[in-house]
DNA sequence: GCGACAG
DNA sequence: ATCTTGTCGC
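Residue numbers (my numbering): 2 to 287.
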C-alpha cells in the first residue's frame, strides 16, 4: 500500500525530494519512499526500557542470572572493490571480555549507502549471521548486541541498532564514532558540554536536542580521548543501562564487542584479498 | 547561498 | 566506509 506517488509534503520526514531522487539509478527511486514506511512500521515495535531477564554483574547476584554473552557486529569494506564487504559477528564473555565466538560473511553489497538508511545496506548480512549462530551455536547466542552505528540518535529515531533490535528481537545498543546531527545537536555543542564537565566525576553528557528530547549520550570512553563516542538506545534497554554496559566493555575508545568486530572483519578482508589477487609479482595483466 | 548528512 | 605518515608515549 501507499505507493511512491502518494507521498505528500505533509508527511513527517526530514528526507527531501532531492535526497530521494538525486544521484541514484531511477529504477531504485521508489525504494527510498518504501524505506521510510518500513522504518515507521518497525519503529512502532520499539521498546525503550529494560526488557530482559539478566542482571548486570554485581558481587551479590547469583552467577546464572548475570549478563554473560555480549555480541558485537560491524561491516568492513574492501579498499579496492567498493561493494565487496565483510560482515562480522563476535560474542564476548563478561566480565573477562574473552571472545567466545566469531563468524564472518563475505559478500557483494547491492544496496547503496544512503544517509539515515544505513540499516537497509547493513542489516541483512548481520541478521543472517545472527540466525546462523542461533542454528549452529545456540549456547553462545548473545543476550545483548552492540552495534557499530546509531540507535535512537537518528533523524527519525530509528537507526541501525533499533532496526536490528526489532528484527532480531534482541536488546541492542548503538555506538556511533561521529555525531549524526539531529534536532539541533552539533559536535561543537557537544564538545562544549563535555569541556564544561571535564573536572567533574562524569565523563559523559546527555544529548538533549532543541525539542527537549534525549537522543543518547556522548562519552569520553578513554582518559585522554578528544573524540567522544555516541551511545544511543537500540531496543529493549534503557539509556542508563546502556551507558553502564558500555563502561563495562570499554578497554579502548570503542567498546570491545564492536571494536573486535571491526578489527576482525577488516583483517578477514585483508587476508581474502591476498588469496584473491594472484600475488604481487605481476602487474596483473597477461 | 552554505553547511550537514551514522557507515 | 576507505585513502594515508609520522609521531608521541607506555
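Glycine included, each C-beta is placed from N, C-alpha and C at the ideal position.
Residue i - DSSP class collapsed to helix/strand/coil
i	result
residue 53	coil
residue 82	coil
residue 269	helix
residue 75	strand
residue 100	strand
residue 255	coil
residue 236	strand
residue 190	helix
residue 94	strand
residue 247	helix
residue 208	strand
residue 220	strand
residue 61	coil
6 Å Cβ shell around residue i - same chain, five flanking residues per side excluded
i	result
residue 263	75
residue 79	85, 270
residue 115	none
residue 43	167
residue 121	36, 112
residue 119	150, 161
residue 98	257
Contacting residues, own chain, Cβ-Cβ under 7 Å from residue i (five flanking each side not counted)
i	result
residue 84	109, 110
residue 40	157, 159
residue 141	70, 92, 101, 102, 134
residue 48	236, 237
residue 198	206
Contact belief for residue i with residue j at Cβ below 8 Å, rounded distance in angstroms
i	j	result
residue 144	residue 53	7 Å
residue 370	residue 185	Because residue 370 is not part of the residues shown, which for the chain are 2 to 287, the question remains open.
residue 180	residue 188	5 Å
residue 60	residue 67	So it is not a contact: roughly 11 Å between Cβ atoms.
residue 254	residue 233	Not a contact, Cβ separation roughly 17 Å.
residue 130	residue 88	6 Å
Practice item. Taking only runs that begin and end inside the region 103–178, name each unbroken alpha helix (DSSP H) of 4 or more residues, in chain order. Key: 119–137, 161–169
Point to revise | Cβ contact check for the region 209–217 and the region 245–257: 3 or more pairs under 8 Å | key: no
Practice item. Kindly confirm or deny that the region 144–157 and the region 173–181 touch, where touching means at least three C-beta pairs closer than 8 Å. Key: Segments in contact, yes.
Practice item. Evaluate contact between the region 93–100 and the region 254–269, counting only Cβ atoms and requiring at least three cross-stretch pairs below 8 Å. Key: Counting C-beta pairs closer than 8 Å gives three or more between the region 93–100 and the region 254–269, which meets the contact rule.
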